[in-house]
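Inspection log for the structure reproduced underneath, given as structure tokens.
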Amino acid sequence: MLRYMLKRLMSLVLSLAVASVVIFAVIEVAPGDPASFMLGVNAQPDTLAALRAELGLDTSKAQRYVNWIGGMLRGDFGTSYTYRTPVSQMIADRLWVSLPLALYALILSTLIAFPAGIYAAARRGKPGDLAVMGATQLGIAVPNFWFAMMLVLIFAINLRWFNAGGFAGWEDGFGPGLKSLTLPAIALALPQAAILARVMRSSLLDILGEDFMRTARAKGLNPRQALWRHGVRNALIPVLTIIGLQFSFLLAGSIIIEQVFYLPGLGRLVFQAISARDLIVVESVVMLLVFAVITVNFLVDLAYAAVDPRLRGRT
Amino acid sequence: MTRNLTLGAALSSLVLLAALISFVWTPYDHTSLDIPNKLQSPNGQHWFGTDHFGRDMLSMIMVGARTSIAVALVAVGIGMALGVPLGLTAAARKGSWLDEMIMRGNDLVFAFPSLVIAILITAVFGAGAINAIIAIGIFNIPVFARITRGAALSLWEREFILAARVSGKGAARISAEHILPNVANLLIVQGTIQFSLGILAEAGLSYVGLGAQPPTPSWGRMLADAQTMVSFAPHLALIPGLAIIVTVLGLNLLGDGLRDWLDPRIRVARV
Numbered sequence: 020m021l022r023y024m025l026k027r028l029m030s031l032v033l034s035l036a037v038a039s040v041v042i043f044a045v046i047e048v049a050p051g052d053p054a055s056f057m058l059g060v061n062a063q064p065d066t067l068a069a070l071r072a073e074l075g076l077d078t079s080k081a082q083r084y085v086n087w088i089g090g091m092l093r094g095d096f097g098t099s100y101t102y103r104t105p106v107s108q109m110i111a112d113r114l115w116v117s118l119p120l121a122l123y124a125l126i127l128s129t130l131i132a133f134p135a136g137i138y139a140a141a142r143r144g145k146p147g148d149l150a151v152m153g154a155t156q157l158g159i160a161v162p163n164f165w166f167a168m169m170l171v172l173i174f175a176i177n178l179r180w181f182n183a184g185g186f187a188g189w190e191d192g193f194g195p196g197l198k199s200l201t202l203p204a205i206a207l208a209l210p211q212a213a214i215l216a217r218v219m220r221s222s223l224l225d226i227l228g229e230d231f232m233r234t235a236r237a238k239g240l241n242p243r244q245a246l247w248r249h250g251v252r253n254a255l256i257p258v259l260t261i262i263g264l265q266f267s268f269l270l271a272g273s274i275i276i277e278q279v280f281y282l283p284g285l286g287r288l289v290f291q292a293i294s295a296r297d298l299i300v301v302e303s304v305v306m307l308l309v310f311a312v313i314t315v316n317f318l319v320d321l322a323y324a325a326v327d328p329r330l331r332g333r334t
Numbered sequence: 011m012t013r014n015l016t017l018g019a020a021l022s023s024l025v026l027l028a029a030l031i032s033f034v035w036t037p038y039d040h041t042s043l044d045i046p047n048k049l050q051s052p053n054g055q056h057w058f059g060t061d062h063f064g065r066d067m068l069s070m071i072m073v074g075a076r077t078s079i080a081v082a083l084v085a086v087g088i089g090m091a092l093g094v095p096l097g098l099t100a101a102a103r104k105g106s107w108l109d110e111m112i113m114r115g116n117d118l119v120f121a122f123p124s125l126v127i128a129i130l131i132t133a134v135f136g137a138g139a140i141n142a143i144i145a146i147g148i149f150n151i152p153v154f155a156r157i158t159r160g161a162a163l164s165l166w167e168r169e170f171i172l173a174a175r176v177s178g179k180g181a182a183r184i185s186a187e188h189i190l191p192n193v194a195n196l197l198i199v200q201g202t203i204q205f206s207l208g209i210l211a212e213a214g215l216s217y218v219g220l221g222a223q224p225p226t227p228s229w230g231r232m233l234a235d236a237q238t239m240v241s242f243a244p245h246l247a248l249i250p251g252l253a254i255i256v257t258v259l260g261l262n263l264l265g266d267g268l269r270d271w272l273d274p275r276i277r278v279a280r281v
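These protein sequence lines map, in sequence, to chains Z and U.
So in the working numbering, spot 186 of the first sequence is number 205, and the numbers just go up one at a time.
So in the working numbering, spot 233 of the second sequence is number 243, and the numbers just go up one at a time.
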């Protein structure tokens, strides 16, 4: 297990290194000089030079890359070109919206998908199964931001149960903040739940065909007991992988959903940064997202190997 | 199930037909403004109503279908054109450094969701339909590479491949002449699924302003425009949304149907 972990850890570090080079290189090709963008067309050459020096733009590309990565490792993401505040602070503030939103959606999607998938698998081919499968087919086809708009129309505009947008903040306790994240989380969760329910169903159907399920029945368990004690537990392994992968999709998906609800999360930050050509912010947010995806995948791999020892031999 | 295939093919061809017809005819000019008739609900003159500039929604949906289909189709094309050869190469050289490099490269691209790629490209080159195509296309490459490699690996173990090797054919020729035709079905099914995912991704990107720019109509943009008016003109949001759902649902059903239909094992089981 230790050798497997070390090997995976090395490939994690390598992936992150290559990803950072790619992101840095792409941002580097961006036309225009941030300093002249900030100061406008009438800037004096010496002011421009001073600002370029202050932003560290007068050094070589390699040096800038080393500075960027070195800073990131110490938690220093640089200074925003437009706001002149530390990027790390801006990102940390926004993470308090985006991260709870993604987690909230992940929990909701699991809570919906598990019962639905188990129900469908237990009633394979019957009307209940067909209804669940039909609903998931529809759930996969619905764009989450459109679904979000429909939620706003029904629950915010017509029924007035929720605010149509904005974020209440965490200062007044858990309740108001959670409430303003509820509609966004439902919108994010439902399409993911549809996918997860299908995975749960097919994984459980595979297990139900195994010999040990017949043995469980033969030793006297009724279908329900056999399903829960031996079926669901074993079916969870592939499902957990998908949940891990979904987290990164939810984090990326929250970028779009934040636009619908005017939530001050990472998504708003990155779109504001794009329109202001605040490339250092874009660079850092993208790196953070990619870091999250790669790290979650790594953790899923490790969890998988811990559960299923056969996988450790493979790479 | 042939029911899936029929329904999926019907829905998909409906959308395709609407897009094709829009090249020669739309009920109204989708760019002509008619302010006195703005925000009309669906009625006899305007089947899908009009938007806040009085533009005919049906015409915009028809032209918007063009954008969606074009972006998704080209993105699938990019994914296949680059991903399939990579997958074939990796399978032919299984275990070599080339295989390892291709697969690790795949993993790396997977870490960049198409939205993130689109953000990067837009930050550098500005927004546009081309960038959406590239972003979705890049994300499709590892999908096709992986599925091709997986299917090809098991084919390489088969006797008919051994026979081809004995007859003196090289790895490249075997890949093209024997492996590729045998993974084609799988690629068609996956292509349909990626096509539907591409439609969704394009809608999302143009919704946040990273896709097709005005005046090119796109379903995602129509939804973005509708957002502030959804309380008094819900049809502005409902209709583009339903257009996306019908298209994606149609393609997904078509993909499922094709998989069942093209897979002989399932066909035998059904008989």
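Ideal placement from N, C-alpha and C gives every residue a C-beta, glycine not left out.
Here the structure is a predicted model, which is why all the values come from computation and not from measurement.
Beta-bridge partners of residue 16 of chain U, as assigned by DSSP
Paired residues: none, contrary to the question.
When you compare each of Z:292, Z:297 and Z:261 to residue 315 of chain Z by their alpha carbons, which one comes out closest?
For the residues Z:292, Z:297 and Z:261, the minimum Cα distance to residue 315 of chain Z belongs to Z:261.
Do you know how far the Cα of residue 49 of chain Z is from the Cα of residue 268 of chain U?
43 Å
Taking 9 Å as the threshold (beta carbon to beta carbon), is residue 77 of chain U in contact with chain Z?
no
Between the stretch 179-191 of chain Z and the stretch 247-265 of chain U, do at least 3 Cβ pairs fall closer than 8 Å?
no
What residue ranges within the stretch 81-144 of chain U form continuous alpha helix (DSSP H) runs of no fewer than 4 residues, ordered along the chain?
107-120 and 124-135
From the beta carbon of residue 171 of chain Z, is the nearest beta carbon of chain U less than 9 Å away?
yes
Extent of the continuous alpha helix (DSSP H) run through residue 80 of chain Z
80-92
Quick check on residue 34 of chain Z: buried or exposed, where buried means 16 or more other Cβ atoms within 10 Å of its Cβ?
Buried.
Alpha-carbon to alpha-carbon, residue 77 of chain U and residue 280 of chain Z:
26 Å
Listing by chain order, which chain U residues have their CB less than 7 Å from the CB of residue 290 of chain Z?
218
If you check the beta carbons only, do residue 390 of chain Z and residue 151 of chain Z fall under 9 Å apart?
This structure does not reach residue 390 of chain Z, given that chain Z is present from 20 up to 334, and the question cannot be answered.
Who are the Cβ neighbours of residue 109 of chain U in its own chain at under 7 Å, not counting the five residues just before and after it?
100 and 103
Do we get a CB-CB distance below 9 Å when we pair residue 139 of chain Z with the residues of chain U?
no
Of all the CB atoms in chain U, is at least one closer than 9 Å to the CB of residue 278 of chain Z?
Judged by the 9 Å Cβ criterion, residue 278 of chain Z is in contact with chain U.
Can you list, in chain order, the residues of its chain whose CB lies under 6 Å from that of residue 59 of chain U, leaving out five sequence neighbours each side?
50, 51, 52, 67 and 245
Proximal residues of chain Z, C-beta to C-beta of residue 213 of chain U below 9 Å:
Neighbours of residue 213 of chain U in chain Z, taken as residues at a C-beta separation under 9 Å, are given in chain order as 162, 164 and 165.
Is residue 75 of chain U closer than 9 Å to residue 29 of chain U when the C-beta atoms are compared?
Taking 9 Å as the Cβ cut-off, residue 29 of chain U and residue 75 of chain U qualify as a contacting pair.
Compute the Euclidean distance between the alpha carbons of residue 1 of chain U and residue 163 of chain U, then round it to the nearest angstrom.
Because chain U in this structure spans residues 11 to 281, residue 1 of chain U falls outside the shown range and cannot be described.
Within 10 Å of its beta-carbon, does residue 29 of chain Z have 16 or more other beta-carbons around it, so buried, or fewer, so exposed?
exposed
Taking buried to mean at least 16 other C-beta atoms within 10 Å of its own C-beta, is residue 31 of chain U buried or exposed?
exposed
Distance between beta carbons of residue 147 of chain U and residue 88 of chain U, contact taken as under 8 Å
3 Å
For the alpha helix (DSSP H) that contains residue 169 of chain Z, what are its first and last residues?
163-170
So, does the stretch 225-236 of chain Z touch the stretch 168-184 of chain Z, judging by three or more C-beta pairs under 8 Å?
Cβ pair count under 8 Å is below three, so no.
Inter-residue spacing [alpha-carbon to alpha-carbon] between residue 263 of chain Z and residue 123 of chain Z
14 Å
I'd like to confirm something about residue 159 of chain Z: is its beta-carbon nearer than 8 Å to some heavy atom of the ligand SAM, or not?
In terms of ligand content, the structure shown is empty, and the ligand SAM therefore cannot be addressed.
Could you pull out every residue in the same chain whose Cβ sits closer than 8 Å to the Cβ of residue 333 of chain Z, ignoring the five residues on either side in sequence?
Low confidence applies here, because residue 333 of chain Z scores a pLDDT of 48, under 50, leaving its location unreliable and the question unanswered by this model.
In this structure, does DSSP put residue 105 of chain Z in helix, strand or coil?
DSSP, reduced to helix, strand and coil, places residue 105 of chain Z within a strand of the structure shown.
Taking residue 23 of chain Z as part of the alpha helix (DSSP H), name the residues at either end of that continuous run.
21-47
Excluding the five sequence neighbours on either side, which residues of its own chain have a C-beta within less than 7 Å of the C-beta of residue 43 of chain U, listed in chain order?
63, 64 and 65
With the cut-off set at 9 Å, would you say residue 200 of chain Z and residue 269 of chain Z are in Cβ contact?
no
Does any residue of chain Z bring its CB to less than 9 Å from the CB of residue 237 of chain U?
yes
Using a C-beta to C-beta distance shorter than 8 Å, which residues of chain Z count as neighbours of residue 132 of chain U?
293
Just checking my contact of residue 158 of chain Z with residue 210 of chain Z at CB under 8 Å: how many whole Å lie between their CB atoms?
6 Å
Under the three-state reduction of DSSP, which class applies to residue 225 of chain Z: helix, strand or coil?
helix
Taking only beta-carbon positions, decide if residue 96 of chain U is within less than 9 Å of chain Z.
no
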